[in-house]
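Peer 1: Numbering (our numbering), first residue to last: 27 to 755. Dropping the structure in here first, questions after.
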Amino acid sequence: MIKRFLLVAWATCLVAGTWAKEGMWIPTLLKVVEGDMQSMGLELSAEDIYSINHSSLKDAIVHFGGGCTAEIISSQGLLLTNHHCGFSQIQSHSSLEHDYLKNGFWAMKRSEELPNPGLTATLIVRIEDVTSLMMKGVKAEMDLAEQQKLMAENEKLIVSKATENTNYGATVRAFNYGNAYYMIVTKTFNDVRLVGAPPSSIGKFGGDTDNWVWPRHTGDFSMFRIYAGADNEPADYNEENKPYQPERHLEVSLDGVEEGDFTMVFGFPGVTEVYLTSHAVDYVMNKSNPMRIHMRETSLSIIDAAMKSSDQIRIQYAAKQSRISNAYKKWIGQNDGLIELKALEKKREDEVVFAQHSAENKALLQQFEGWYRDIEKFSFGRDLLIEYFYYGPEILDLANAYQSFLGQYETYQKDGKLEEKREALIANVEAHFKDYHLPTDKRLFESLTELYVQYIDPSFKPASLNAIDSKFKGDMKAFTEYFYGKSVFSDKEKAVAFAKSLSPKSLKKLQKDPAYVLMDEVYGGYFALIRPEYGRIKSQIDAGMKDYVVRLEEVFTDRTFWSDANSTLRLTYGKAEGSAPRDGMVYKFYTTTDGILQKYKPGHADFDLPPRLIELIEKEDFGPYAHNGEMRVCFTGSNHTTGGNSGSPALNGKGQLVGLNFDRSWESTMSDIMFAPERCRNIMVDIRYVLFIIDKYAGAGHLVQEMTLVKGEKEKAETEPVPVPAEAE
Ligand code: ASP
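Written as structure tokens, this is what we have:
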């Protein structure tokens, strides 16, 4: 009954003048594109990339912290990922005394590697098509809720069978809007230690100015190490744990790539939505993105100014600022790109053709129109909650931690875990205040609350905010002073003391705390007023999408269809290549250290440089890492990537590491919704620049020594001999 997505219907879409390939391929289905990849320069088989019978490249690919990708690059569990992926760990280890954000961090021996509670490294054991198992007993006549219930039961069974008597985890994920289901069996390590990070003036060189922009000169990398128990299996942090010995680690190529060389990127792309109907794209472009951009522009103006005013605040807000600014800038580019590509017009034209195909198609589109009209108010409420509550003033989030504790109070008490959980809450409060600057949070509250009130649908407006007009005559500053002055959550000592005695009896006091009250209205209000209706309509849209994508294939038979990214392991391939994204504009495919010096602005937040790097570049002291005398820094490729591919390895035709994916060009930022082969380029840092920074800049050559370097015909590369400190072994 379930129409399976025709995953084999790939057409080869070679667009004149580019090798760009739209699509992020499921590793178990690579056989379908193997021939195409080989014709472009792949020297491996699909089985060399993903196999469950023997070690394959997939054994070296790691889901890093659940959001980024990393790869194992030594037999001692050494991990490479982006600087921006390790940023919050680097930030959390930083202080005025140890400013690792500013100066970088390098463990010169294993005992100096820094633990990161909560950070995980997940390997993929296997990926299995479980569509028919998930559909067992599901009948077309059943209503949606009944189907979902049965599928949830099936999933439970499948997962418990796969993980029985193992230390594996497993999840079943819907692909292609539920036309296929795959089980992902995983092994997760949670002792992952920080090994090295360049200073931000290298790892984040160019800052927000250059983010999402080519040409680029950012050494966006950091290094971690997976530790395991004595049996080489996942174990909680313990000083005695040993570096994990992987099934496979990537070889590192010193050969670089030339334009036209095959490249592939293997990692965990987050979300793409290339099959959205015009109604959804219209909402994103004209409602959601403008509001989100406005909210973030406002908070960034406050945070950026505060960070410039003091080193302490710079360290406290670095990771938060990056989280806010990254998507903010992307959405601006995304909207520009969608307008330039005439995305809405194209979608609408396609929909005319689609509707003409059959009466059912026409009816389905009309349903989408109705669903999107009905869901808009709720989607917007949800998007606004994300911006205000999760990315806004932090006082609300802190109040929420107390509510969660109270919500579980009786369960904790029953399980004899009350005091342990209280300690965790207190630690959480202390961590909150370590990275908190009260005047900055107040400014954020003042400005964002004003916008929130402007944007919120009147039927969802928190009652306590009526006081702004009724009691404070619209004076947001006065309201803010009252709000923070009266709340226990604005002061560390008070908040900790309160956590120490927190019990259901405290509720009376909490209900008089303005931050607690507002948090409850905003967050609780979301679950009471927005979420139920949003969820109801969304599941209708999802069911519609499941049909829609299959019918799209029937209508547009000459197009390539693939399953949108969903944070699962995918391979994307293309070539190292530049682009000519706009009239009169030609982008070369690589940059060099010359560009670093050209961009250098002493004292500038984004373009300052460490003196040692300037010296090495000026002396052309590049060691064995130069390319015909030039030190290449970054390069672009026509691999289809998205967020989550950050930190993914860029591999050559032999499957060797040639670069580290970290971004896309400005002209590509719309590719999550509409991919354009002639202009979409991913940005990678050349692996030789990474090695140069580790070895020549940081003097951490012992890390390079751990790797398997290859040059030419897979000979062990001739690097300068680097002494390995005794303790590093
Ligand atoms: N730099 C990007 C990110 O942070 C990676 C990408 O989306 O291409 O998500």
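Just so you know, even glycine gets a beta-carbon here, dropped at the ideal spot from N, CA and C. Predicted model, so just to flag it, every value in this text is computed and none were measured.
Give me whichever residues DSSP pairs with A196 in a beta bridge.
Peer 2: V211
Peer 1: Looking at F688 and ligand 1, is the gap between the Cβ and the nearest heavy atom below 7 Å?
Peer 2: yes
Peer 1: Taking C-beta to C-beta, are Y462 and Q342 nearer than 8 Å?
Peer 2: In this structure, Q342 lies closer than 8 Å to Y462 by Cβ.
Peer 1: Using only the alpha-carbon positions, how far apart do V750 and L536 sit?
Peer 2: In this prediction, V750 has a pLDDT of 43, which is less than 50 and means its spatial position is unreliable; what the coordinates show is noted afterwards. Taking the straight line joining both Cα atoms gives about 58 Å.
Peer 1: Rounded to whole angstroms, what's the CA-CA distance from W36 to T586? Just pull it up for me.
Peer 2: At W36 the pLDDT is 34, less than 50, meaning the model places this residue with poor confidence; the figure from the coordinates comes in the next sentence. Roughly 5 Å between the two C-alpha positions.
Peer 1: Under the assumption that K722 contacts D647 (Cβ atoms under 8 Å), give the Cβ distance between them as a whole number of angstroms.
Peer 2: 6 Å
Peer 1: For I640, which residues of its own chain have a beta-carbon under 8 Å away from its beta-carbon, when the five flanking residues on both sides are left out?
Peer 2: L623, Y626
Peer 1: With distances taken between CB atoms, is the gap from K355 to D501 smaller than 8 Å?
Peer 2: Inclusion of K355 and D501 in the CB contact set at 8 Å is not warranted, their separation being larger than that value.
Peer 1: Taking 8 Å as the cut-off, decide whether the C-beta atoms of T212 and P260 are in contact.
Peer 2: Contact: no.
Peer 1: Evaluate contact between the stretch 236–253 and the stretch 700–713, counting only Cβ atoms and requiring at least three cross-stretch pairs below 8 Å.
Peer 2: yes
Peer 1: For G49, is the beta carbon positioned less than 7 Å from some heavy atom of ligand 1?
Peer 2: no
Peer 1: Would you call the CB atoms of V278 and I99 closer than 8 Å?
Peer 2: yes
Peer 1: Along the chain, where does the alpha helix (DSSP H) that runs through V659 open and close?
Peer 2: It is not in any alpha helix (DSSP H) - V659 instead sits in the beta strand (DSSP E) that spans 658–663.
Peer 1: So, for L470: in the same chain, excluding its five sequence neighbours on each side, which residues have a beta-carbon less than 7 Å away from its beta-carbon?
Peer 2: S325, I328, G418, P419
Peer 1: Are the beta-carbon atoms of L451 and A427 separated by less than 8 Å?
Peer 2: yes
Peer 1: I'd like the span of the beta strand (DSSP E) that includes E687, first residue to last.
Peer 2: Note that residue 687 is Asn in the sequence shown here, rather than Glu. It spans 683–690 - the beta strand (DSSP E) in which N687 sits, taken as one unbroken run.
Peer 1: Who are the near neighbours of K518 in its chain, counting only those whose CB is closer than 6 Å to its CB and skipping five residues on each side?
Peer 2: F459
Peer 1: Do G673 and T107 have their CB atoms nearer than 8 Å?
Peer 2: yes
Peer 1: Identify the continuous alpha helix (DSSP H) that holds Y478 and give its terminal residues.
Peer 2: 464–481
Peer 1: Consult DSSP for K645 and reduce its assignment to one of helix, strand or coil.
Peer 2: coil
Peer 1: So if DSSP puts P269 in a beta bridge, which residue, or which two residues, is it bridged to?
Peer 2: Y253
Peer 1: Quick check on the burial criterion: 16 or more other C-beta atoms within 10 angstroms. Buried or exposed for Y546?
Peer 2: For the sequence presented, residue 546 should be read as Asp rather than Tyr. Answer is buried; the Cβ neighbour count reaches 16.
Peer 1: Look at L280 and P650 and say whether their C-beta atoms are less than 8 Å apart.
Peer 2: yes
Peer 1: Which ranges does the alpha helix (DSSP H) cover as unbroken runs of at least 4 residues, wholly within the stretch 564–632, from first to last along the chain?
Peer 2: The alpha helix (DSSP H) runs of length 4 or more contained entirely in the stretch 564–632 are, from start to end of the chain, 619–625.
Peer 1: May I ask whether a heavy atom of ligand 1 can be found less than 7 Å away from the beta carbon of G669?
Peer 2: Within the cutoff, so yes.
Peer 1: Going residue by residue through the stretch 124–148, where are the continuous alpha helix (DSSP H) segments of at least 4 residues, counting only ones entirely within it?
Peer 2: 126–129
Peer 1: May I ask you to check if the CB of S114 is nearer than 7 Å to at least one heavy atom of ligand 2?
Peer 2: Absence of ligand 2 from the depicted structure is noted, with ligand 1 being the only ligands included.
Peer 1: Would the beta-carbon of Y398 fall within 8 Å of that of Y309?
Peer 2: yes
Peer 1: Distance, Cα to Cα, S114 vs S101?
Peer 2: Each residue's alpha carbon lies about 26 Å from the other.
Peer 1: Thinking C-beta only, is L364 closer than 8 Å to I699?
Peer 2: yes
Peer 1: Pairs of beta-carbons, one from the stretch 48–60 and one from the stretch 69–82, closer than 8 Å: are there three or more?
Peer 2: yes
Peer 1: How should K601 be labelled, buried or exposed, when 16 other C-beta atoms within 10 angstroms of its C-beta is the threshold for buried?
Peer 2: buried
Peer 1: Please report the residue range of the beta strand (DSSP E) in which P53 lies.
Peer 2: DSSP places P53 outside any beta strand (DSSP E), giving it a letter other than H or E.
Peer 1: I believe E139 touches A147 by the beta-carbon criterion, under 8 Å. Please report the beta-carbon distance rounded to the nearest angstrom.
Peer 2: No, E139 and A147 are not in contact; Cβ-Cβ is about 14 Å, not under 8 Å.
Peer 1: Let me check understanding here. Comparing Cα to Cα, which of Y126, G663, W692 lies closest to S227?
Peer 2: Checked all of Y126, G663, W692; the closest Cα to S227 is Y126.
Peer 1: Tell me the rounded alpha-carbon separation between M571 and D85.
Peer 2: 33 Å
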